[in-house]
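First to last, the sequence lines map onto chains A, B, C and D.
Sequential numbering from 1 applies to the first sequence in the working numbering.
Sequential numbering from 503 applies to the second sequence in the working numbering.
Sequential numbering from 1009 applies to the third sequence in the working numbering.
Sequential numbering from 1127 applies to the fourth sequence in the working numbering.
Everything on this sheet refers to the single structure shown next.
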Amino acid sequence: MHFSFTSTDFYVLLPLLFPVFGAILVLCLDLLLKPGKGARTLVHGLSLLSLLGGILAGVQQYLYLQPSHPLPPKIALGPLLEPVFHFQPWTVLGSILLLFLTLISLLLSGAWWKEGDEEFRAYGEFHVLTLFFPVGAGLLLGAKNLMLAFIGLEILSISLYVLVAFRRSRTKSVEAGLKYFLLGAFGAAFFVYGSALIYAGQGNLDLPAMGTILQEGLPQPFGYAALGGAILFIALFFKASIAPFHMWTPDVYEGAPTPITALMSTGTKAAAFFLLISAARLFPHELVPVFTFLAILSILVGNAGALVQTNLKRLLAYSGIAHAGYLLVAYQAMAVGQGQTDAGIALRALLFYLAVYGITNLAALGVLSWIERKDPEIVTLEGLKGLGRRNPIAAAILAIAALSLAGIPPTAGFWAKYQIFAASIQAGQIPLAIFAILGSVIGLYYYLKILVALYFKEGTSSETLSGNGLATGLTLSFCASAILLVGILPDLFLNVLVNVRL
Amino acid sequence: MDSSLSLILTFLPLLGALLVLFAPLRGSDEGSPVLWRLAQAIGLVTFLASLPLWTGYGPGTEGVKFLFSVPWFHIQTLQVHFALGVDGLSVLLVLLTTLISVIVLFSAPSHIKKRAREFLFWLLVMECGMIGVFLALDFFTFYLFWEVMLIPLYFLIGIWGGKRRLYATLKFFIYTVAGSVLMLLAIIFLVRTPLALPGNEVPVLTSSILDHLKYLHLPVTTQYYLFLAFAIAFLIKVPTVPFHTWLPDAHVEAPTSGSVILAGVLLKMGTYGLIRFCLPLFPKATLFFAPWLMVIGVIGLLYGAFLAWAQSDLKKLVAYSSISHLGPIVLGTFALNAYGLEGSVIQMISHGVATPALFLLVGMIYERRHTREIAAFGGIAKTMPIFAFFLVLTTFASVGLPGLSGFIGEFLIFVGAFKAWPLLGAIATAGVIFGAVYMLSMVRRVLFGPVKHEENKLLKDLGLREVLVLAPLVILFLWIGLFPGQFTSRTSKTLAQIQAKVLEAR
Amino acid sequence: MILSSLPSLPQATTLIGGVPTDHIMILSAVLFGLGVLGFLIRRDLIVVFMSIELMLNAGNLAFLAAARERFLDPEGQVYTIFVITIAAVEAAVGLALLIAFFRLKSTLDVETATELEG
Amino acid sequence: MNDLLFLIPILPLCGAILCGILHAKGGTTKSLSGYIASAAVLGSFAVSLGGFFALGHGEALHQVVYQWIATGDLKVSFGLFFDNLSGFMALVVTGVGFLIHVYSIGYMAHDEGKAKFFAYLNLFIFSMSLLVLGESLPLLFVGWEGVGAMSYLLIGFWYDREGGWPAVAGQKAFITNRVGDMGFLIGMLLLFHHFGTLDIAALKTSSIALPAGLATLISILLFVGATGKSAQIPLFVWLPDAMAGPTPVSALIHAATMVTAGVYMLCRMSFLFVQSPTAMMVVATVGALTAFFAASIAMAQRDIKKVLAYSTVSQLGYMFLACGMGAWSAAIFHVGTHAFFKALLFLGAGSVIHGMHEEQDILKMGGLRKYMKITYVTFLIGGLCLAGFPLTSGFFSKDEILWETVKGGGQIHFILWGIGALTALMTAFYTFRLVGLTFFGKERFDPAEVHPHESPKLMTFPLMVLAALALFGGIMGLPDLIVKDGNWIHHFLSSSVTPLEEGMGHGLGHNYELMFLLLSSLIAIVGITAGFLLYARGPSFGQKIAKMAHPIYVLLAGKWFIDQIYQAFVLTPLFLLSKLAALFDLLVIDGLVNMIGGLAFSLGRIVRKLQDGHLQTYALWMAGSTTALIAWLVFQLWS
């Protein structure tokens, strides 16, 4: 048999290919055009268009995959792609989400640029790297084979290493980039070593096959595969910033430029959890207590750590760790509830939670990046004081985002939390659910600290502080209204997930 | 028109709130008088709209009236409705809410000086939340309004409160949410357990409270856990003794209108929830926990009275007095007989009328003397006779002088408690003494005795506006005190059903 | 030795060079351990970076040993090539970051990189 | 006549509202309030008189106004019940009340708060009439507490005088009453718990065969309520302090009406008390002890109103003694006569104080008979009745009580009679000590500042009426010895009270009755002459005796230090307990809550400290937790 790239493979990879072609186009354009306002808008526009194209292709695919779709039954993947890539509703949804998050963070980054910066010249490279991020994440998401997963992971990470250290002139950004790179590479080394052991144990590298081996409990006697599996999981925990492996998150989130923090906090976490989902069958029952411990630790460390923060980005970093903990609760419910009736509920909870958390975190960090250029002090809680009066719109968006992160009813965050706890109750893990929901109450404190700073305290200066750039403003208000709309009518989002199975 | 009344009642304040927020008036920070008129008009219209409830739900009616139910959204097989409706238990409380809101709207201008527009917005949103909670007949609707009710008060205390307002409001919010979060878990559990409805053979998922009230049958141990989850949330809200420490701080730091609404309506959420959810949904658990909760009620009664006696701050004293007045309600509810239940509902209304009057009076004296230390007063009756008249009358009402509202509630509760547990009923009547001790000693130190401080000599007595604000409350003292039949007859049928549901599990 | 209790892999009949796969796996484990230790202990960033490369190569070694075991199964060997290329890419990006860091801090000592904390 | 009953309480209520409006309006019309109030009380007196005559042909009047409480099978309606007992009480309340209203017009003439005063007085009469006419126990309880509240307001009427002492006295009265009311409430609850109804008539029929223990418990609880209201031993402390109020208040509340409420309640519930001999014995002994105890204190008091206050407590003791003996009609008879002469004495004292410009210490008076002719004569008549001078109304009623006590013939009866007789002696003694010191001897006041004068017409007229009533009140209950079945009141009340069935041991025959009659008149005369002789010329002789029996004098003058005991053993410990509870609440429960909050914060600080920025510590944590995980995994699989 010969390996040829059939048209169906091309169709399946379309959502990822759009950003790739977009990136290449932008790269060439950036070289050819002389730097100026026109070039920049072209570059920005092109990258946004490519992302949009990717999203539309993804949506078309998702509709095609719906059982109710009139066309012939599910198409067969080409020989090249079949052993390596999943093509199921939830993977398509995952890639749509990733593309959407990148699109929004690109829009938000519009407000972040300032003439005088030294990095201003590297406008094109910023867009290229940002475009590569969803490609890497998409590959990681759909990977059935560890090799493809590793490639996706690396594309994703390397583009982020550079983006984090993008503001070469400021030590914080470079130091954050360096730390992220070194620890990221450290994690990647674990990934490699883990996959090596798995390969040694089972002879091939594809995840589902591994699942069958490990499913009936770890092979007795203790083999390389199990050890490799454990190390692999650790690499993913690192990427998803789950408790004992979370140390890099606060520093890197604080150091990195705000739009990149937004992208990273939502994108990498989603990608890591997607791989965890596809490796779910890999999930030996013996590991359940470990996952419970990690979930509890993440919620505790995340929420407690955020209580004492003054810098808003660090605070959101810790809240990210806590939310990783909640995701782990849902993930565990999915893994435990494998056989039960409605196994899909946990997966739907995970996807819904990742989407809502993504939008909310983007909105929160977006507001910061929107105003950061005008008043760099805004990033700290002190600087935030009195924003309610100085810029009511930004304050309202930040308040809605904070309430949604806290899970207060009229916002989408509430339904996300509802799904998580419905899943964990369905899986019968009541004590963990009780602990998680009480942990979220601790979390309430620092979200309210944001509200206190916004509305209750009077800031030093009281002149109105307008955001930097209309586009960003529009995207932010879109995100905020989406949060409220889904909060009031969760139907819009939930029905999309209705027939999602693992 | 019949079913849409509850919809109008709930969303009228919300529309009003948005109207106030975006009204084009260039009001100064203090808020232009037109803005205040607008808000007061909205409050009045809502109150008038709630009057048909009183006539519509006449004496002896039974079951749910003014039912409004529209499909809201569905999560997989669970179809959630946005359901509102009135029954015997909630009709009086909704009327109390609209009345107290009108009173607050008319009494607020005197002490809300800054950011009036936002104040009115939050006040009206809160009224919508409160009415929503009382009318909700679907679990999700109930929880949505439960939280919508909390956020405004958080802002009310946080922005317009006293010195330690941030600590107080944060403590109040987190304490209440911690409780209601456990309730959320219980609600999720209930909503996820399929219910065998008569219509269809296979059990189906539903989130409507009415179906759950009729057809929910749970094994005993699950009933225990769910009962605890709901009960803790409501006992925090009541508040009963171990969970009460948030109330004095919240009251002392809240502005007068905040305290009035908090004492008038919000504390009733707890007791309302106990009767609406804990009793009928988990009958076996109720029977098991009833004695414990009756003891907690009596402890609340005596402990609250003792604490109130030791206070030197006027508002704190009134705050502890409301803890002491809510203890009997828990006692009456868990006496599980007609007297206890109806006594509790009457005591809720009477407390919801007496304590706001007390807080208004404390607010009025605070506006004149800017201090709440009882020691700073003395001989006020000389310079402010009308104030003295109202304070003494309200004290008599809250101490439970027969002929006024306090007595009816307390007497019925004592009868009910005595029937259920004679010894405890006898101990509870001791509350009658301590109630008188701390209230009367407060009245004596404030009103009577020679005028020691110079400032007290030139205090201006209550104006017409202030008297008009207090008048409806005083009228209700007498109305409930002399004609309780009109109130008990409206609630007796519903409470009898709840009691029957609990006792059939015996 | 505890390793003796490890199950041994199916013995391929003809081993190139006659070295049993277990020994190589142990060697790669040791190399990996050294890499981790180097990462944790050394103060100079370049050496830290080199220890990551060491860990990656330990992985390669393990892969090749396993591939050899599987009668030179191409999938394992292809994986090592990918790892090597990606290691190269990482080296490029990593050194660029090191240069940027050096230009700002004029030192490569790990201890100076502690401005972000708390 | 039935449907006019509601006028008795409603008229004073309307009067009160009218006076309240006058007070609120202020201005000259305030003086009108006195007449309105008196007219209202006169109206209800007329109605009760009408009712009284309508009672002639036997059955009681009954009127139900509206359904008050209707929950479960607790049906309480606002119903008035006018039988012989309530009729008599209503007459006493409204009659004496009217006279006191007229007197107050004069007494409060130049007090600017007089409209408010008359409003309170009318409200008081309203509550008292509710208490007396209530057909069910809860309605009686409404009047019961209403009267307590009104006495609180009236005692504390001059709240700004003497450093706010009246307000404290008022509060003390209200709270002590409430302590009693708790007993009453528990009794009511027990009754409802067992009989399912609180309607007195229904209770009467359904409570025939009551288990003895229960009857005793309920009776004693109701008796506790009565001690609170009628100032008996444990809860009498509030009455002497209640003298801080204006004198007409003391006359109305603390002589004629409120304090008798306890006796009325006992008689009304006589069908219950009769069923438990132990309860009867408790009532009798408490009554006797209180009588003796209060009389002893009265002997050593200097304030004219305090003497009368303790004398009231003592006379109430007699009434309860009568109730304890089952002689309900004797008790009510004494209530009637006591109302007349005690109100007379109080009003007389009031006009003395009025004349002496607020001077109340009898040691600073003397020889006032020259200045206040009418007051002196009426006060003397009142004193004679109180002392039990033969043929006065006080003599007949007290003697009947003493006879009823000893009639039983048992050993306990003699002891109680002994106490009663001794108290009668003391009563006569202190009464005429008071008369002697006030009206006889040299003037012990400085004529320059104080020139006593007779009170105006409005005040002396009621004195004369009361004097007449006091003198001839006795004809209501003449003993059989003097006039064949002259004891009208005994027959009148027999229908509404349940007599104690005879056969209490061998009763004493008729001839003993004559002997005891003579004995008690002898006691009275001895007491009167002793008191008069010792003090007619002034306090000097009395003070010499006091020095001789110094410890006893100090004890009595200090009112047996009861107040101090209560303060030390009841009030301060409770107050400290509440301070302790407040501290406990703040530190422990609040502390616990804040501690939980603090816990999360300290955890946060630890997490923050761990995050020290060193790249290698992060990697260390990563590597460390990896090895830990693998070790756990190996261990898990191994086992």
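Yeah, the Cβ is synthetic: ideal placement off N, Cα and C, and Gly gets one too.
By a C-beta neighbour count over all protein chains shown, 10 Å radius and 16 as the cutoff for buried, is residue i buried or exposed?
| i | result |
| --- | --- |
| Ser1728/D | exposed |
| Lys817/B | buried |
| Asn1720/D | exposed |
| His1616/D | buried |
| Leu1347/D | buried |
| Thr1518/D | buried |
| Leu218/A | Interpretation of Leu218/A is limited by its pLDDT of 46, a score under 50 that renders its predicted location unreliable; the figure taken from the coordinates is listed afterwards. Classification of Leu218/A: buried, given that the 10 Å Cβ count is 16 or more. |
Using a Cβ-Cβ cutoff of less than 7 Å, which residues in the same chain neighbour residue i once the five nearest sequence positions on both sides are dropped?
| i | result |
| --- | --- |
| Ile1344/D | Gly1313, Leu1316, Leu1317 and Leu1398 |
| Met1033/C | Ala1070 and Ala1073 |
| Ser1402/D | Ala1338, Ala1341, Thr1342 and Ser1345 |
Is residue i a contact residue of the ligand GTP, with contact defined as CB to any heavy atom under 7 Å?
| i | result |
| --- | --- |
| Ala821/B | In the structure on display, the ligand GTP does not appear, and there are no ligands present to speak of. |
Within the same chain, show all residues whose beta-carbon is closer than 6 Å to that of residue i, passing over the 5 residues directly before and after it, in chain order.
| i | result |
| --- | --- |
| Leu1139/D | Phe1252 |
| Tyr726/B | Ala787 |
| Lys1330/D | Phe1397 |
| Phe1040/C | Met1063 and Ala1066 |
| Leu1660/D | Phe1667 and Gly1668 |
Starting from residue i, trace the alpha helix (DSSP H) in both directions and tell me its first and last residue.
| i | result |
| --- | --- |
| Pro535/B | Pro535 to Gly558 |
| His827/B | Leu816 to Thr835 |
| Leu1106/C | Pro1082 to Lys1113 |
| Val588/B | Where Val588/B is concerned, there is no enclosing alpha helix (DSSP H), although the beta strand (DSSP E) it sits in stretches over Leu580 to Val588. |
| Phe553/A | There is simply no residue 553/A to check, as chain A begins at 1 and stops at 502 in what is shown. |
Can you tell which of the options has the C-alpha that lies nearest to the C-alpha of residue i?
| i | options | result |
| --- | --- | --- |
| Gly1723/D | Leu540/B, Phe674/B, Val820/B and Lys1003/B | Phe674/B |
| Gly142/A | Phe478/A, Ser440/A and Asp9/A | Asp9/A |
| Leu555/B | Thr993/B, Leu1005/B, Val1004/B and Glu1006/B | Thr993/B |
| Ile351/A | Asp375/A, Tyr326/A, Trp370/A and Ala226/A | The question names Ile, but residue 351/A is Leu in the sequence shown. Measuring from the Cα of Leu351/A, the nearest candidate turns out to be Tyr326/A. |
| Phe642/B | Val596/B, Leu692/B, Tyr868/B and Ala551/B | Leu692/B |
Residue i lies in the beta strand (DSSP E); which residues open and close that run?
| i | result |
| --- | --- |
| His1188/D | Leu1187 to Thr1197 |
| Gln1769/D | The question about residue 1769/D has no answer, for chain D in this structure spans 1127 to 1765. |
| Val800/B | Not the beta strand (DSSP E): Val800/B falls in the alpha helix (DSSP H), residues Pro785 to Trp811. |
| Phe916/B | Run containing Phe916/B: none in the beta strand (DSSP E); it sits in the alpha helix (DSSP H), Ser907 to Ala922. |
| Lys1201/D | Leu1200 to Phe1208 |
Just to confirm the assignment: which complete beta strand (DSSP E) runs, minimum length 3, are found wholly within the segment 38 to 73 of chain A? none
Runs of beta strand (DSSP E) lying entirely within the segment 1720 to 1757 of chain D, each at least 3 residues, in chain order: none
Would you list, in sequence order, the uninterrupted alpha helix (DSSP H) runs of no fewer than 4 residues that lie entirely inside the segment 678 to 736 of chain B? 711 to 717
Which parts of the segment 629 to 679 of chain B are runs of the alpha helix (DSSP H), unbroken and 4 residues or longer, counting only runs that do not cross its ends? 641 to 662
In chain order, each alpha helix (DSSP H) run of at least 4 residues that lies wholly inside the segment 1252 to 1317 of chain D: 1263 to 1281
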